[in-house]
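Below you'll find the structure, written out as structure tokens, and then a few comments.
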Amino acid sequence: MATSKQDTFLAEEYHSCAGCILFRFTPDPQICLLRSRRSSEVVLPKGHKDLGESLEEAALRETYEETGWRCEFLPVNLLTRVPPPGHASGDAPRMASAVKGEAIAVTLRHMDKSGRNVKFVWWFVAQVTGSTRDEGTQMANENFDVEWVAADDAVKVLSRPGDKDAAAQAVKLISESRGITNSSL
0 MATSKQDTFL AEEYHSCAGC ILFRFTPDPQ ICLLRSRRSS EVVLPKGHKD LGESLEEAAL
60 RETYEETGWR CEFLPVNLLT RVPPPGHASG DAPRMASAVK GEAIAVTLRH MDKSGRNVKF
120 VWWFVAQVTG STRDEGTQMA NENFDVEWVA ADDAVKVLSR PGDKDAAAQA VKLISESRGI
180 TNSSL
């Protein structure tokens, strides 16, 4: 009988984080990026899940707090291993149409060399819901400039590999789900 590699992390060994690849369409798709004033690092909005909060709630809250933009999940066609309600999971991915509020990727970051301090970042696709940005939503320790960048350029300027991978997947999903050509991305 084949066995799979398995790691179990206790609550004190992992961080649960969530964030969004936040789009606006003007009409071409743009992604909201955060540029650190301390390090010039360019990242996607994300942060820690609070106690009692779902990953979905954390993703929307953190995205709003860090960007000042109110947002909602954007439906995408998603190849996923998550089954529809009432179905067995099976082992093969399946296409789900117009999925809203499901993670499109998860990043696992090792925070130190011990292997017992890890961060899981669950990524969602969202879009802005208004035309104005709220000021003063960042926490005291967050020093970010908020920038809108053309979707194809955004993937290139992100600093972290996990952010790049998640943004590239979001751009692909938006392109396929909305019928946007590469010339528009």
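Every letter in the sequence shown is one number past the one before it in numbering that gives the first Met the number 0, and letter 34, counting from 1, is 33. Here a beta-carbon is modelled for each residue, glycine too, at the ideal position from N, C-alpha and C.
In chain order, ARG80 place their CB closer than 8 Å to the CB of ALA91, counting only its own chain and leaving out the 5 sequence neighbours on each side. When the alpha-carbon of ALA102 is set against those of ASN116, LEU78 and VAL145, the nearest one is in LEU78. Only residues of its own chain outside the window of five on either side were considered, and among them GLU12 and MET110 have a CB closer than 7 Å to the CB of ASN116, listed in chain order.
Annotation: ASP27 to ALA149 spans about 8 Å, alpha carbon to alpha carbon.
Its Cα nearest to that of TRP68, the residue LEU32 stands out among LYS48, VAL75, LEU32 and GLY85.
For ASP162, the enclosing alpha helix (DSSP H) stretches over residues 160 to 177. Inter-segment contact for the stretch 17 to 25 and the stretch 116 to 130 is present: three or more beta-carbon pairs are separated by less than 8 Å.
Note that the C-beta distance between ALA125 and PHE72 is below 8 Å. Pairing ALA167 with THR106 gives a Cβ-Cβ distance that is not under 8 Å. Fewer than three Cβ pairs drawn from the stretch 40 to 60 and the stretch 2 to 11 lie within less than 8 Å of each other, which leaves the two stretches out of contact. Restricting attention to VAL145, GLY114 and GLY161, the CA atom closest to the CA of PHE22 is found in VAL145.
In the structure shown, ASP27 adopts coil according to DSSP, grouped into three states. Taking LYS155 as the centre and dropping the five residues before and after it, the same chain places no C-beta closer than 7 Å to its C-beta.
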